[in-house]
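**Q** Numbered as in our numbering, the sequence shown ends at 278 without a single skipped number. Glycine included, each C-beta is placed from N, C-alpha and C at the ideal position.
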Amino acid sequence: MRFGLDVAQQRMTWDELVRRVQLAEELGFDGVWGFDHFQPMYGDGPGETFEGMTTLAALASLTERVRLGLLVTGATYRHPSVLAAQAITIDHASHGRLELSLGAAWYDKEHHELGIPFPPTGTRFDLLEDTLEIVTRLFTGEEVSYEGKVVSLRDARLRPVPVQQPRPPIWIGGTGPKRTLPIAARYADVWHAFGTPKTLHDAGQRLDELAMEAGRQPSDIVRAGSLSLEDLDKTRKHLAGWQEAGFGYLVCGWPDAGDRQVEAFVRDVLPELTTG
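1. What first and last residue would you give for the beta strand (DSSP E) that runs through residue 8?
2. Who are the Cβ neighbours of residue 54 in its own chain at under 7 Å, not counting the five residues just before and after it?
3. Buried or exposed: where does residue 237 fall if 16 or more other Cβ atoms within 10 Å of its Cβ makes it buried?
4. Go ahead and label residue 201 buried or exposed: buried means 16 or more other beta carbons lie within 10 angstroms of its beta carbon, across all protein chains shown.
5. Would you kindly work out how many angstroms separate the C-alpha atoms of residue 149 and residue 86, rounded to a whole number?
6. Do residue 252 and residue 5 have their CB atoms nearer than 8 Å?
7. If you count every other CB in all the chains shown that lies within 10 Å of the CB of residue 246, and 16 or more means buried, which is it?
8. Could you check whether the stretch 125-137 touches the stretch 171-189, counting it as contact only if at least three pairs of C-beta atoms, one from each stretch, sit closer than 8 Å?
9. Less than 8 Å between the beta carbons of residue 105 and residue 176, yes or no?
10. When the distance is taken between beta carbons, is residue 248 closer than 8 Å to residue 225?
11. If I follow the unbroken alpha helix (DSSP H) through residue 242, where does it start and stop?
12. State the beta-bridge partners of residue 101 as determined by DSSP.
13. With residue 189 as the anchor, note down where its alpha helix (DSSP H) starts and where it stops.
14. What are the start and end residues of each continuous alpha helix (DSSP H) run of 4 or more residues lying completely inside the stretch 80-128, in chain order?
15. Tell me whether residue 82 is buried or exposed, calling it buried when 16 or more other Cβ atoms sit within 10 Å of its Cβ.
16. Under 8 Å, do residue 165 and residue 114 count as touching if we go by C-beta distance?
17. Give every residue of the same chain whose Cβ lies closer than 6 Å to the Cβ of residue 184, excluding the five residues on either side of it in the sequence, and list them in chain order.
18. Measuring only the C-alpha atoms, how far is residue 9 from residue 88?
Listed below in C-alpha cells is the structure:
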C-alpha cells in the first residue's frame, strides 16, 4: 500500500507549505497533495492560498523523490490545452513525478467572486470529459483534431511528450453513478473517493462492472481512499479495514497536532502494517 500526505495547502506561508512537503519526502511518503482552489474553503478572512499548478511546478525543484499532485484539478479553471501544457511542463520539471487528478469542479463561491464561469453540472461534466480526451491525446505529441461537447481542437500538437509514458497517472475522484463512475471506468488509473470501505463497497463494485464494459480490467484501476491521522488508535483500525478491502493508496490528512503526529504515524503505525 502507498501513502500520500495532504499538506492542507491553504492559510499558510509559502515557507510553511514547502516545509510540510519536504517533511513528507523525508518521512518516506509516496506523494504529497495540495488543492486546486484560489481561496480558502474554511476559516475567517481571505487567508493565503497559492495557485495549484504553479505550486507543483515550484515544488518539483524543491523535492527529489516524492510524487506531486492536486486533489483535484478543476476542469473549469483552465482550458484543456493549457492544462495539458502545464502538466507536461511539471512532469519534466519533476523528472516524471506528476500525478494528474481531475474533477468537474464544485466550489461555486470562488467562481462567482473571481469571475470564472461556473456552468451547470451537466456542462461541467461534459467539459471534464473533453478535458480528459484532449489532455490524453495531446500527451501523445501527435496532431490532434477533436470535436468535443464544450471544447474542440483543430490540428493541435504539443511537444515535448511527458516523461512518464504513455502519460502521467490520471486520478478521478467521486462516487456519482451517472457521470463520475463511468468517466473513472474509462480514464482513471486511480479512483479516489471519500468514505469508508463499507460505504464505498457498492460504488467500487459498480466501477468494476463499468470498467469491464469499457474493455478494461478492474485491476487496471487502483483504489484510493482517505485516512485521518487525528487519532492514531482509530487510524490503526481504519488502516486495517482499507487494506482488507483492497485499497492500494491512502491520502493522509494533515492532523491538527502537526508534525509530531505525522512523524508518530510513520514511526509507530506504518511498521505495524508491514509486520502485522
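**A** According to the structure shown:
1. 4-8
2. 36, 37, 38, 72 and 75
3. buried
4. exposed
5. 17 Å
6. yes
7. exposed
8. yes
9. yes
10. yes
11. 234-246
12. 71
13. 182-189
14. 82-95 and 110-116
15. buried
16. no
17. 212
18. 21 Å
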